[in-house]
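A.B. asks: Could you have a look at this structure, given as structure tokens, before my questions?
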Amino acid sequence: MASITSNPSSRSISNTLLTLLFILISALSLYGMRLSPVTHVMADIFRDMWSTPDFHWPTNGVLARKVYTGIPLVDYFLKVLGTAFLPGSAGWERKLWLLHVEFLVSFGAVVGVLNVEAGRRGNQGRWIAYTSLWSLLYQNGGAVVLPIYYILHARATSSSPSSFHPSSQLLPTPLASTLNTAMLLGYWIPTFFLLYPIQDPDVKQLVIAVWQFSPMYVNLIWWIESQLTESTTTTTSSSAKGKGGRSDLPSLRVLYATIITICTTTHLGVISSILTTTDPGVSFSSVYLLHYRSVFTPYESLHYIFQVDFWGIFLATGIWSLVGVRDLRNLGITDVGYVSATVGLGVVSVLAGPGAAVAGFWWWREEKLAGIPIAGGDGKGK
């Protein structure tokens, strides 16, 4: 039977090292996405866009949309993001589009897991619970901002052994039962339309602008659904807890399984496309790996920036997953080693995609934490 124990001194040392590592990832990502010489090409394009009333993309003459909402500050923000996302999501260059497909679908796993963590009773009132705020921040670069979230999460959840008690880990039934639908309506469907080959560039830029707020749509839909279902699930939730089980687990299993299915299917589709393409510029190396050269085209500069964001996000998320292994080891409910966990995450990322690896790990973690006994009840060991 597992019990809640911890080693505060080892946690403190680990958190200090983790903080430094996450800050390093954030800083390197900031350099790669905003400050490195590779980004100068896009910086020049953005300067032209800001100073030219009617800005046309230099590669194909497509006109940048100027008005989205009529609010100057919001339109400025959306014009920048529309210009950055347009070449990839519109498929102007095949390898950039394939990276977008892999990246943005896989990122749905991060959105889902962050919302699970936000909904836990033990995290209410903490900074990590405000996922809408975080989604606005990581529009400036997920690889820059998410490591900061992971620092706060690691410190908040390891500050007390009670953070891992089932009563703290529990998502109230109205939240747990509606998150999967909120993800479908708020993230997966908008992402499908973002990546769908819409021919009209003006409409495409509007779709890009709408998609930028998709994590916030998830939260809004989730809140509305949970309010509508709360009265009908209170009795069921109380009954499940009375039996000594976590009433949120069935719904979370469906959520993780859905994320894994979507991410794996997408990843295999990207792999198949790379293997069967007749485009000589498309390869595993060109899609996924950073390539530094003395001269970059606008597409190459954008591709590099998105690659840095992709690798920064999923490297940081992988390390965050290892923090979860550390917590389970400190609680005495697993003996899985860090090397084994790292290899496992790496293999699943290659075979099924990084999104599937993230969701798969969090599912495994969920099942392990569910084994902690409630007030003397039975629990599952490792």
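Position 245 (the sequence shown) corresponds to 1187 in our numbering; numbering is contiguous.
From the three backbone atoms N, C-alpha and C, an ideal C-beta is built for every residue, glycine too.
1) Which same chain residues, not among the five before or five after residue 1091, have their C-beta less than 7 Å away from its C-beta?
2) For residue 989, report the span of its alpha helix (DSSP H) as first-last.
3) Going by beta-carbon coordinates alone, are residue 1133 and residue 1164 separated by less than 8 Å?
4) Rounding to the nearest angstrom, what Cα-Cα distance links residue 1168 and residue 1189 in this structure?
5) Assuming residue 1030 and residue 1041 form a contact by the criterion Cβ under 8 Å, report the distance between their Cβ atoms to the nearest whole angstrom.
6) State yes or no: is the C-beta of residue 1308 within less than 8 Å of the C-beta of residue 1191?
7) Are the CB atoms of residue 1001 and residue 1157 within a distance shorter than 8 Å?
8) From the DSSP output, read off the bridge partner residues of residue 1005.
9) Looking at C-alpha atoms only, which residue of 963, 1057 and 971 is the closest neighbour of residue 1250?
10) Can you give me the C-alpha to C-alpha distance between residue 958 and residue 998, rounded to a whole angstrom?
11) For a minimum of 4 consecutive residues, which ranges assigned as the alpha helix (DSSP H) are wholly contained in the stretch 1074–1159?
12) By the 10 Å Cβ neighbour count, where 16 or more other Cβ atoms means buried, how is residue 1166 classified, buried or exposed?
13) Give me the residue from 1204, 1226, 1203 and 1222 with the minimum Cα distance to residue 1214.
14) What's the call for residue 1003, buried or exposed, on a 16-neighbour Cβ count within 10 Å?
15) Can you tell me whether residue 1259 is helix, strand or coil according to DSSP?
16) Can you list, in chain order, the residues of its chain whose CB lies under 7 Å from that of residue 1183, leaving out five sequence neighbours each side?
17) Please determine, among 960, 1217 and 1137, the residue with the shortest C-alpha to C-alpha distance to residue 1047.
18) Roughly how many angstroms lie between the CA atoms of residue 1143 and residue 1270, to the nearest whole one?
19) Under a three-way DSSP split, which group does residue 1178 fall into?
20) Could you round the C-beta distance between residue 1057 and residue 1121 to whole angstroms and report it? I think they count as a contact, below 8 Å.
21) Residue 1141: buried (16+ other C-beta within 10 angstroms of its C-beta) or exposed?
22) Looking at the secondary structure, which residues open and close the alpha helix (DSSP H) in which residue 1213 lies?
23) Determine the direct distance from the alpha carbon of residue 1104 to that of residue 1062, and round the result to whole angstroms.
24) Reducing DSSP to helix, strand and coil, say where residue 1222 ends up.
C.D. replies: In terms of the structure at hand:
1) By 1-based counting over the sequence shown, the position of residue 1091 is 149. So the list reads 1070 and 1076, once near-sequence residues are dropped.
2) Locating residue 989 in the sequence shown gives position 47, where the first residue counts as 1. First-last of the alpha helix (DSSP H) with residue 989: 982–993.
3) The residue you call residue 1133 lines up with position 191 of the sequence shown. The residue you call residue 1164 lines up with position 222 of the sequence shown. Their beta carbons are not under 8 Å apart, which means residue 1133 does not touch residue 1164 by this criterion.
4) For the purposes of this step, residue 1168 is taken as residue 226 along the sequence shown, with counting starting at 1. For the purposes of this step, residue 1189 is taken as residue 247 along the sequence shown, with counting starting at 1. When the Cα atoms are used, residue 1168 and residue 1189 turn out to be separated by approximately 15 Å.
5) Residue numbering aside, residue 1030 sits at position 88 when the sequence shown is read from its first letter. Residue numbering aside, residue 1041 sits at position 99 when the sequence shown is read from its first letter. Sure, about 7 Å apart at Cβ, within 8 Å.
6) For this step, residue 1308 is matched to residue 366 along the sequence shown. For this step, residue 1191 is matched to residue 249 along the sequence shown. Their beta carbons are under 8 Å apart, which means residue 1308 touches residue 1191 by this criterion.
7) One-based indexing of the sequence shown puts residue 1157 at position 215. One-based indexing of the sequence shown puts residue 1001 at position 59. Not a contact, by the Cβ cut-off of 8 Å.
8) Here residue 1005 is taken as the residue at index 63 of the sequence shown, counted from 1. Per DSSP, the beta-bridge partners of residue 1005 are 998.
9) The sequence position of residue 1250 within the sequence shown is 308, counting from 1. If we check each option's Cα against that of residue 1250, 971 comes out closest.
10) If you number the sequence shown from 1, residue 958 lands on position 16. If you number the sequence shown from 1, residue 998 lands on position 56. Rounded to the nearest whole angstrom, the CA to CA distance from residue 958 to residue 998 is 48 Å.
11) Fully enclosed alpha helix (DSSP H) runs of 4 or longer: 1084–1099, 1108–1111, 1115–1118, 1121–1125, 1131–1137 and 1143–1153.
12) Residue numbering aside, residue 1166 sits at position 224 when the sequence shown is read from its first letter. Answer is exposed; the Cβ neighbour count stays below 16.
13) In the sequence shown, residue 1214 corresponds to position 272, counting from 1. Of the candidates 1204, 1226, 1203 and 1222, the one whose C-alpha sits nearest the C-alpha of residue 1214 is 1226.
14) Here residue 1003 refers to the residue found at position 61 when the sequence shown is read from its first residue. Answer is exposed; the Cβ neighbour count stays below 16.
15) Working through the sequence shown from its first residue, we reach residue 1259 at position 317. Three-state DSSP puts residue 1259 in a helix.
16) Your numbering for residue 1183 matches position 241 in the sequence shown. Per-residue confidence for residue 1183 stands at a pLDDT of 49, beneath the threshold of 50, marking its modelled position as unreliable; the derived number appears in the next sentence. Cβ within range, chain order: 1189.
17) In the sequence shown, counting from the first residue as 1, residue 1047 sits at position 105. Distance from the Cα of residue 1047 is smallest, within the candidate group 960, 1217 and 1137, for 1137.
18) Counted from its first residue, the sequence shown places residue 1143 at position 201. Counted from its first residue, the sequence shown places residue 1270 at position 328. Approximately 49 Å, taken between the alpha carbons.
19) Position 236 of the sequence shown, counted from the first residue, corresponds to residue 1178. With a pLDDT of only 46 at residue 1178, under 50, the local geometry of the prediction cannot be trusted, and the value read off the model is given with reservation. Correct three-state label for residue 1178: helix.
20) Residue 1057 sits at position 115 when you count from the first residue of the sequence shown. Residue 1121 sits at position 179 when you count from the first residue of the sequence shown. Contact flag correct, Cβ pair sits at about 6 Å.
21) Start at 1 with the first residue of the sequence shown, and residue 1141 comes out as number 199. The residue is exposed, with fewer than 16 neighbouring Cβ atoms inside 10 Å.
22) Along the sequence shown, one-based indexing puts residue 1213 at 271. First-last of the alpha helix (DSSP H) with residue 1213: 1191–1218.
23) Working through the sequence shown from its first residue, we reach residue 1062 at position 120. Working through the sequence shown from its first residue, we reach residue 1104 at position 162. A direct Cα-Cα distance of roughly 13 Å separates residue 1062 from residue 1104.
24) Within the sequence shown, residue 1222 is the residue found at index 280, counting from 1. Note: residue 1222 maps to coil in three-state DSSP.
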